[in-house]
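Take 2 as the starting number for the sequence shown in the numbering used here and just add one per residue. By construction, the Cβ of each residue, glycine as well, lies at the ideal position given by its N, Cα and C atoms.
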Amino acid sequence: MSDTSPGTLCPSEFASESKNLWVVKRNGSSVSFDGERIRLAITKAFRAELLLGADQALPEEIQKVTNGITSAVISSILSLTRDEPVPIEKIQDLVEKELMQEGYHQVARGYILYREERKRARAFKETAIPANEQVKSTLYVTYPDGTKSPLNTQKMQSKMEHACADFKELCNPQELIEEMLKHLYDGVLFKELNESAIFSARSKIEKEPAYNYVAARLLLQDIYNEVFEQECHPSEVANLHVSHFEQYIRKGVMAKRLTPELFGYDLEKLAQNLDSSRDKLFTYIGVQTLYDRYLIHVKNDRIETPQYFWMRVAMGLALNEKENREERAIEFYNVLSQFHFISSTPTLFNSGSLHPQLSSCYLSTVQDDLVNIFKVIADNASLSKWSGGIGNDWTNIRATGATIHGTNGLTQGVVPFLKVANDTAVAVNQGGKRKGAVCAYLETWHLDIEDFVELRKNTGDERRRTHDMNTANWIPDLFMKRVREQSVWTLFNPSDTPDLHDLYGIEFEKRYCEYERLAQEGKIKLFKVIPAMDLWRKMITMLFETGHPWMTFKDPSNIRSPQSHAGVVHSSNLCTEILLNTSENETAVCNLGSINLAAHIKGDFLDEQFLAKTIRTAMRMLDNVIDINYYPTKEARESNLRHRPVGLGLMGFQDALYHFRIAYDSQEAVEFADASMEMISYHAILASTELAKERGVYSSYRGSKWSQGILPIDSIALLDNERKGYLHMDRTSKKDWSVVRKEIQKHGMRNCNTMAIAPTATIAHISGLSQSIEPTFSLLYVKSNLSGEFAVLNEWLVKDLKERDLWNQDMLDELKYYDGSVQEIEQFPEDLKGLYKTAFEIEPKWLIECASRRQKWIDMGQSLNLYVNAPDGRKLSDMYLLAWEKGLKTTYYLRSKAATQVEKSTLDINKKGIQPRWMKSRSASGSIRVERDSSIPKSCSLSGDECESCQ
């Protein structure tokens, strides 16, 4: 359409042609028609769509389009009548119709949304007028019983003010209300009204982190209303927690969600120790995760608040305490509810329930027998149902082409069975709460290893792919030496070399070389000789392309194991931190929980006395799990009761570095990793000796390294002796370990293993912490998990920038533009850039160095993700060789940088000198149609749910 097309009026004609036209406003009054207002409204709609500021003129071509549409609308109005007043809604409808007819759909949509916003704003103003003025609201709320009432703005205002009460200088309740009104409609459901309030706070988190806590408190208010079945004023919450506690327990027991054993407590005493003010510690992602997946519900109605949840977990863990049971439950509650220590997810899910499956990880060895293969797969289903993460050792299974003696046929190898295990994990999705999670391990000398490393490829025969199963290489030191020496490697059928599976170190090397000689002499028929470097390259390539199989090391896991006298470590678990013996008769079990390292900082140091107190309580809680636990299989029960392993880990390592102003890629970070882990190790081992003094040693203690006076720090020498030159681990210590040695000699150990660092994918978010030992992934990103999507903005960064008066919209835009990195932002302080390097900006060697320092103190392992910004074969090879030579027992995911971008749809990228990406096309009438390209990708974050079976 041209602005001078026939039948339309030019702008100069607006006033003269419409001077006798009247418009009826919504309040019933009439005003003289002003065509200029229509043109201004259309101009605003185009300006908003083009992301232009109020002081920026429209492009000349679009200005002509605007004039043309305005003329067409006025012509339509004049054709209606010149005698009767025209309702304002009719004029707006004509504007929308004309925009749509001319093909400006996005602009029309923006105009429609603007009308809705104005309608809500008017509704809010009207309901805010005192009732005695008798002004009727135009916006109603629909309650669950179907009744409708006018929007109560006073209640809304009060709700927002209470949520912002602790952040008055940072958060504005009125702004939240205005944001909220954008998402309301007449007849809005009461539930949606509450959701809109929360969303209004969530939408502001990227500008002000304090809104994270405001959103949390708005959601908490809804939880209180749901649990107490009434609208709760914040001043009533503490008393309601006390008065309703017994009713909560009774309701849970009646619904068969809680065990009747909880009635054995003095419930009044426990209720008096509930502290609802601790709910203020939660961020929004923490509360939402609890609400969606942890808080017990009956017929989809939550019956527990977060503080009830913590007390329920504590009560479940104290059930077997013989003396002072209430005091122990309160002790456990205080540690949990203040985020000093958090138990793993299965413990949080099931503690105090009728099926207290509290353990995190199960490890099993599959025998080369059809009955046992399917028994283990069935066991996987049972274990997965109750939230356990599973690691299976498949090395025993004979290779492709081996003889089946019963039928005289040839086997198809291990891959078809892995496909069945993969599909079982998908089918049994951890009781409907999250995806089933299994990791298959295979030793690197197995003849099917080349097929095994390709299991996660997206091409090839789908019958030989396991897209949902994690996989890991179980690598002997001899293979790594052969890679270093660029010599050959021989693959064997395990039924021809049955003892290799149980051998490690020097004994493995001797026997392996003997089998190689037998193969060369023709005494072993089924084998394959390949360059070790070729297989290594394939392993590295698949790890880069698919993220699997992970690199885990058999020999350090066994040589340094405290339980080497009682069996062999054949694999790790789902997350590569658990290293326990397995056999046909024993399924290894581990119980996990993590210390909040950042919470134990006081001033300029790590408070050792406070840390020691928390560790003693944590170790008691972990040990209690073993006796209370519901074991889905006999092999799991017998193994766990015999050896009593627990895995105390940590989280918030990056937060601690921020507190101490230490860059992750620095020697100071390496030294802090060393010192903090030594402190945790020292007190974890001491706590186990205290438990042994009170409760007795674990039954297989005699003959263990503990009983021989060999501590984790001492076992490095054993590994060095076996490696002979391929080990570079620091062995210094700062504490007086003679104290620990004397206590072990005097009382023994309650637990065969005491420490393992898990990923803490979920519990760190519940606690508002950085995950485990992870560096910061990004300073601004969107975290996606089963509870939804959450904006994550680094609070330490914002705090530092505010102190320098540098946190503003421009800085936020820069942070978005550079995908959550500050390294290229010119106005960002140079002295802070090192501190705020993100995972992909830190050389992997620093992560490995920190992990090596921790590993010297840990009797199991650690889930160590490695990050590479611009990966190539040599870089990856050198990285994993360094990890092996630094004495690491395992590694976890390889994270390479791909499309990890923060969504830029709210970013004015004109400021960066880049024009928006527009798609232009002609409408039927020849006008320019302008639509914004919405293909800018969302941010992607670390995948977390696959690790959550552990934490």
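Exposure label - residue i; buried when at least 16 CB within 10 Å
i	result
Lys784	buried
Asp380	buried
Cys591	buried
Val530	exposed
Glu827	exposed
Trp395	buried
Ile541	buried
Glu50	buried
Ile627	buried
Glu269	exposed
Lys137	Below a pLDDT of 50, predicted positions are generally treated as unreliable, and Lys137, at 42, falls in that range; the measurement from the model is reported next regardless. So Lys137 ends up on the exposed side.
Beta-carbon spacing of residue i, residue j below 8 angstroms
i	j	result
Ser864	Ser773	yes
Asn866	Glu775	yes
Cys576	Ala688	no
Lys208	Leu813	yes
Ser572	Tyr442	yes
Leu580	Gly862	yes
Tyr699	Arg645	yes
Trp847	Asp666	yes
Asn870	Phe829	no
Ile602	Ala685	no
Arg483	Ala520	no
His502	Asn574	no
Leu419	Met470	yes
Met678	Trp858	yes
Thr892	Trp537	no
Ala438	Gly390	yes
Cys172	Ala217	no
Arg303	Val228	yes
Leu456	Asn494	no
Gly594	Leu651	no
Val299	Leu221	no
Ser584	Thr366	yes
Pro357	Tyr782	no
Ile849	Leu895	no
Arg251	Ile297	no
Helix, strand or coil at residue i [DSSP, three-state]
i	result
Met678	helix
Arg203	helix
Asp370	coil
Leu443	strand
Glu470	Residue 470 is actually Met in this sequence, not Glu. In the structure shown, Met470 sits in coil (DSSP, three-state: anything other than H, G, I, E or B).
Trp954	Past the edges of the chain, shown from 2 to 952, lies residue 954, and the structure says nothing about it.
Arg303	strand
Glu790	strand
Asn597	strand
Met958	Nothing can be reported for residue 958, as the shown portion of the chain is limited to 2 through 952.
Lys743	helix
Lys635	helix
Arg464	helix
Ala589	strand
Met543	helix
One or two residues paired with residue i in a DSSP bridge
i	result
Arg896	Tyr868
Ser365	Asn393
Ser771	Answer is none; Ser771 lacks a bridge partner.
Val570	Asn582
His298	Arg303
Tyr782	Val793
Val530	Thr491
>> Counting beta carbon pairs with one atom in the segment 674-691 and one in the segment 620-630, are three or more of them shorter than 8 angstroms?
In response: Short answer: they touch.
> Contact between the segment 309-317 and the segment 343-357: three or more CB pairs below 8 angstroms?
Replying inline: Segments in contact, yes.
>> Can you confirm whether the segment 263-280 touches the segment 236-244 when touching is taken to mean that 3 or more C-beta pairs between the two stretches lie within less than 8 angstroms?
In response: Contact annotation: the segment 236-244 touches the segment 263-280, with at least three C-beta pairs closer than 8 angstroms.
> Quick one: any contact between the segment 398-410 and the segment 366-374, if contact means 3 or more CB pairs under 8 angstroms?
Replying inline: By the Cβ rule, the segment 398-410 counts as touching the segment 366-374, because three or more pairs are nearer than 8 angstroms.
>> Is it the case that the segment 143-161 contacts the segment 182-191, given that we only count it when at least three CB pairs across the two stretches are under 8 angstroms?
In response: With contact defined as three or more Cβ pairs closer than 8 angstroms, the segment 182-191 and the segment 143-161 are in contact.
> Given 8 angstroms as the limit, is there contact between the segment 163-182 and the segment 204-220, that is, 3 or more CB pairs closer than that?
Replying inline: The answer is yes - the segment 204-220 touches the segment 163-182, with three or more Cβ pairs under 8 angstroms.
> Does the segment 408-424 come close enough to the segment 506-516 to have 3 or more Cβ pairs within less than 8 angstroms?
Replying inline: No, they do not touch.
> Is it a yes or a no for the segment 632-641 touching the segment 604-614, going by three-plus beta-carbon pairs under 8 angstroms?
Replying inline: Not touching, per the Cβ criterion.
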